[in-house]
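Visitor: Take this structure first; my questions come after.
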Amino acid sequence: MAAYFSYQPTRAQISRTSIQRLYIAMKHLFMRGAYKPLGISGETIIDALLALKPEIYGSIADPEKVELNGLLYIFQRLPMGIEQCRYIKLISREGYENSQFEKHVPPRRVRNCYRIDADQMYIEMTRGGSDVYDILTHLTFMYIEAEKIRKNALDIKDRKNQNWTMLEDIVRKIKNGDEVNKDIGLTCLNVLLGRTFSEVAVTYEKFEKSSGVNSLFEITYWLGKLSMDEYFDGNDREITFSPALRENLGHHLYGERWANHIKKTLFDLNLIDRPIHIISANLHSVMNCFYAKAALHKKLKHDHIEPYAEVLSQSGNDALRDKVKDFALKNGMIQLSDISGTNIGVQIFDLAQTDIKHLPKGLTMTKKEISGTPVIIVMDYAFGEQAYETMDELLKPYETEPGKKTFLNVLSVNIMGKAGILEGTKGDIMIPTAHVFEGSADNYPVKNELKASMFKNSGLGVYEGTMITVLGTSLQNKDILTYFMKSSWKAVGLEMEGAHYQKAIQSASKIRKSIKNNVKLRYAYYASDNPLETGSTLASGSLGLDGVKPTYLITMEILKGCLG
């Protein structure tokens, strides 16, 4: 008789299965065109998210406590007023930018959103599949927390308790412009959110300081109200996907327009035959490295870039930032406005027009014939799968006329990104040796020109090893991340774009031969969070000035390689 085989999956394996279930369910509902978040289909996503218990959503699995930092995190990335809308529709770019509907752009996730009426919000999805999955995850979390608020607002006989009726009165006063007693309001939220008075008070202030986000009183009220409307009256909440979005997703529609705009600009300015370096980063660090000292040397006397960067990063220095940008635009920088829908800004630097006398210490450039002087293309951060779409299209040859193709002379592709670190702390640096897709064995080893030794005297932690390219940063928990770190993968961090970029670069250089086979690669990330450390997840807030040092250390090393 065969021996009985008992198998108990680990928490990491359960988490991985939950992520796969989430994405399969989301893809199915996307293709179907609509679903009700609290219906049978929506419950599948809710169950998977509760089984996963992502770190960024903290107390999501607690039946009573509302996750406060998680709420702030999602509402900074969702359109203002979405908590009031029963119907949410995800759309492609379909002409609503020319309409008279009230437009909202979330402060932490650039996407156009349109308030159609009191009950409807339309949200533009132009960044690919990752954008869709990201927002569906946030909305699912929002509905889970709304159910907690409803349950906390009702007694055992399903009657509204005193705290809820008091909150109704407070929201009514806010709407009428009347003064409210904040402490009484926070006492109501203390019960409705299942949190202590001090926790609620701290979170209330965070919401008040966040632009483009309603007050915690209003958000709590509307989440609870719509949940009650569905519970008592059957007024279901619903998420739908427009036919155009379902048809266009994955077709590189926006990435192709974006890339052609860049290549047409290069062609029109006679830059397309010059040596080209591509940098994926923010839209300030490269510009500041080239121009901050030249623009501000009469006002600030420094040799290195970091003091300039710290001054320019401070919130009250808009005039100085404008001065650097104006100087850059007159001395070789071309700024391209986004007309494609990707929400990825682009800068082109013609270094033949750059004054090398005022470069910061450590950055040198030898004057060459104009034809041999590099052109640098800086593209703002892509989002998840969008990285493949944009890089794949950018590296294709430019068709100047039917049948005539001009190949780009790309010497290097450089990726600087933000990532979650698994060993160090916020602000530390990660140098990838390979990218591995989460949930599969797909892996992309990288011959990285950047080395940990380049940053060893920086005063920051520097970690070299495998980076995990995850399906979504909001879907990670300690179990699966600890597995990646301690197993033979020896992962040092996680991010959302690396493997997508590398897939595009490899296909262009090794298979399609649209760029040189020996194109140089430089990858480096700085830690925006540590998802394994309580209080250091993405929901804990941005790096602020702590991000200046790693950003400019990496930028300088990338530019040294491009100009060397």
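Going by the working numbering, the sequence shown runs without a break in its numbering and finishes at 779. Every residue gets a Cβ at the ideal spot worked out from N, C-alpha and C, and that includes glycine.
#1: Whose CA, out of D334, R326 and Y358, lies closest to the CA of D346?
#2: For the candidate residues Y659, V677 and L382, whose alpha-carbon lies nearest to that of A667?
#3: Buried or exposed: which applies to E614, given that a residue is buried once 16 or more other Cβ atoms fall within 10 Å of its Cβ?
#4: What runs of the alpha helix (DSSP H), each 4 residues or longer, lie entirely inside the stretch 622-704?
#5: For T225, does the count of other Cβ atoms within 10 angstroms reach 16, so buried, or fall short, so exposed?
#6: Mind checking which residues open and close the alpha helix (DSSP H) that includes F564?
#7: Touching or not, the stretch 363-379 and the stretch 628-641, by the rule of three or more beta carbon pairs under 8 Å?
#8: At which residues does the beta strand (DSSP E) containing C504 begin and terminate?
#9: Can you name, in chain order, every residue of its own chain whose Cβ lies under 6 Å from the Cβ of R342, other than the five neighbours on each side?
#10: Would you say E710 and T684 are within 8 Å of each other, going by their C-beta atoms?
#11: Where does M669 land, buried or exposed, given buried means 16+ other C-beta within 10 angstroms?
#12: What does H476 pair with, by DSSP beta-bridge criteria?
#13: Alpha carbon to alpha carbon, how far is S256 from F622?
#14: Which first and last residues belong to the alpha helix (DSSP H) in which Q235 is found?
#15: Say whether chain B places a C-beta atom closer than 8 Å to the C-beta of M645.
#16: Please confirm whether G248 and R452 have their CB atoms less than 8 Å apart.
#17: Spatial neighbours of P660 within its chain, please: CB distance less than 8 Å, with the 5 preceding and 5 following residues excluded, ordered by chain position.
#18: Tell me whether the beta-carbon of E309 lies closer than 8 Å to the beta-carbon of R330.
#19: Under a Cβ-count criterion, where at least 16 other Cβ atoms within 10 Å of its own Cβ denotes burial, should E445 be classed as buried or exposed?
#20: Across which residues does DSSP place Q315 in a beta bridge pair?
#21: Report the residue from G273, N497, K390 and F482 whose alpha carbon sits nearest the alpha carbon of Q691.
#22: State the beta-bridge partners of E710 as determined by DSSP.
#23: Using C-beta distances below 8 Å, list every residue in its chain close to K397, excluding the 5 sequence neighbours before and after it, in chain order.
#24: Any contact of the stretch 378-393 with the stretch 272-289, i.e. 3+ C-beta pairs under 8 Å?
#25: Going by C-alpha distance, which of K775, A742 and K701 is nearest T581?
#26: Start and end of the alpha helix (DSSP H) containing M548?
#27: Per DSSP, which one or two residues make a beta bridge with Q335?
#28: For D761 versus A714, is the C-beta distance shorter than 8 Å?
#29: Round the Cβ separation of A474 and E339 to the nearest angstrom and send it over; I've been treating them as touching at under 8 Å.
#30: Name the DSSP bridge partner or partners of V590?
#31: Taking a contact to mean a Cβ-Cβ separation below 8 Å, would you say M682 touches A742 in this structure?
#32: What residue range is occupied by the uninterrupted alpha helix (DSSP H) comprising A156?
#33: Could you compute how far the alpha carbon of D349 sits from the alpha carbon of T355?
#34: Strictly by DSSP, which residues pair up with I454?
#35: Please state the DSSP three-state secondary structure of Y740.
#36: Going by the CB atoms, is the gap between Q291 and P184 shorter than 8 Å?
Guide: Taking the structure as given:
#1: One-based indexing of the sequence shown puts residue 346 at position 131. Cα-wise, what sits closest to D346 is R326.
#2: Locating residue 667 in the sequence shown gives position 452, where the first residue counts as 1. Measuring from the Cα of A667, the nearest candidate turns out to be V677.
#3: Here residue 614 refers to the residue found at position 399 when the sequence shown is read from its first residue. Burial call: exposed.
#4: Within the stretch 622-704, the complete alpha helix (DSSP H) segments at least 4 residues long are 693-701, listed from N- to C-terminus.
#5: Taking the sequence shown and counting its residues from 1, the one referred to as residue 225 is at position 10. Looking at its Cβ environment, which holds fewer than 16 other Cβ atoms inside 10 Å, T225 is exposed.
#6: Position 349 of the sequence shown, counted from the start, is the residue given in the question as residue 564. Unbroken run through F564 is the beta strand (DSSP E), V561 to D565; no alpha helix (DSSP H).
#7: no
#8: Your numbering for residue 504 matches position 289 in the sequence shown. Per DSSP, C504 belongs to no beta strand (DSSP E); it is in the alpha helix (DSSP H), S500 to L511.
#9: In the sequence shown, the residue the question calls residue 342 occupies position 127. Answer for R342: F598 and Q601, listed in chain order.
#10: Here the question's residue 710 lines up with position 495 in the sequence shown. Here the question's residue 684 lines up with position 469 in the sequence shown. Yes, they are a contact pair.
#11: As a working mapping, residue 669 is identified with position 454 in the sequence shown. When all chains shown are included, M669 counts as buried.
#12: Locating residue 476 in the sequence shown gives position 261, where the first residue counts as 1. Answer is none; H476 lacks a bridge partner.
#13: The residue you call residue 256 lines up with position 41 of the sequence shown. The residue you call residue 622 lines up with position 407 of the sequence shown. Between S256 and F622, the C-alpha separation is close to 48 Å.
#14: In the sequence shown, residue 235 corresponds to position 20, counting from 1. Residues R226 to R247.
#15: Absence of chain B from the displayed structure is noted, only one protein chain being present.
#16: Position 33 of the sequence shown holds residue 248. Position 237 of the sequence shown holds residue 452. Their beta carbons are not under 8 Å apart, which means G248 does not touch R452 by this criterion.
#17: For this step, residue 660 is matched to residue 445 along the sequence shown. For P660, where only same-chain residues beyond five positions count, the Cβ hits under 8 Å are T648 and A649.
#18: Indexing the sequence shown from 1 puts residue 309 at position 94. Indexing the sequence shown from 1 puts residue 330 at position 115. Taking 8 Å as the Cβ cut-off, E309 and R330 do not qualify as a contacting pair.
#19: Counted from its first residue, the sequence shown places residue 445 at position 230. When all chains shown are included, E445 counts as buried.
#20: Against the sequence shown, residue 315 aligns to sequence position 100. DSSP, once it has assigned bridges, lists no residue as partnering Q315.
#21: As a first step, residue 691 is located in the sequence shown; it is residue number 476 there, counting from the start. Minimum Cα distance to Q691 is reached at G273.
#22: As a first step, residue 710 is located in the sequence shown; it is residue number 495 there, counting from the start. Answer is T684.
#23: One-based indexing of the sequence shown puts residue 397 at position 182. Hits under 8 Å: Y419.
#24: Too few Cβ pairs lie closer than 8 Å, so no.
#25: Locating residue 581 in the sequence shown gives position 366, counting from the first residue. Out of K775, A742 and K701, K775 has the C-alpha closest to the C-alpha of T581.
#26: Position 333 of the sequence shown holds residue 548. Following the DSSP letters along the chain, one finds M548 in no alpha helix (DSSP H) but inside the beta strand (DSSP E) bounded by residues M548 to L551.
#27: Position 120 of the sequence shown, counted from the start, is the residue given in the question as residue 335. According to DSSP, which records beta bridges pairwise, Q335 is partnered with Y302.
#28: Numbered from 1 along the sequence shown, position 546 holds the residue referred to as residue 761. Numbered from 1 along the sequence shown, position 499 holds the residue referred to as residue 714. No, they are not a contact pair.
#29: Here the question's residue 474 lines up with position 259 in the sequence shown. Here the question's residue 339 lines up with position 124 in the sequence shown. Going by Cβ atoms, the distance from A474 to E339 rounds to 20 Å, so no, they are not a contact pair.
#30: For the purposes of this step, residue 590 is taken as residue 375 along the sequence shown, with counting starting at 1. Partner(s): I491 and D565.
#31: On the sequence shown, position 467 is the one that residue 682 refers to. On the sequence shown, position 527 is the one that residue 742 refers to. Contact flag unset, no.
#32: Since the first residue shown for the chain is 216 and the last is 779, residue 156 is missing from the structure and cannot be characterised.
#33: Walking along the sequence shown from the start, residue 349 turns up at place 134. Walking along the sequence shown from the start, residue 355 turns up at place 140. Straight-line Cα distance between these residues: approximately 10 Å.
#34: Looking up residue 454 in the sequence shown gives position 239. DSSP output for I454 lists Y250 and I303 as bridge partner(s).
#35: Counting from one through the sequence shown, the residue named residue 740 turns up at place 525. Per DSSP, reduced to three states, the secondary structure at Y740 is strand.
#36: Outside the shown range of the chain (216 to 779) lies residue 184, about which nothing can therefore be said.
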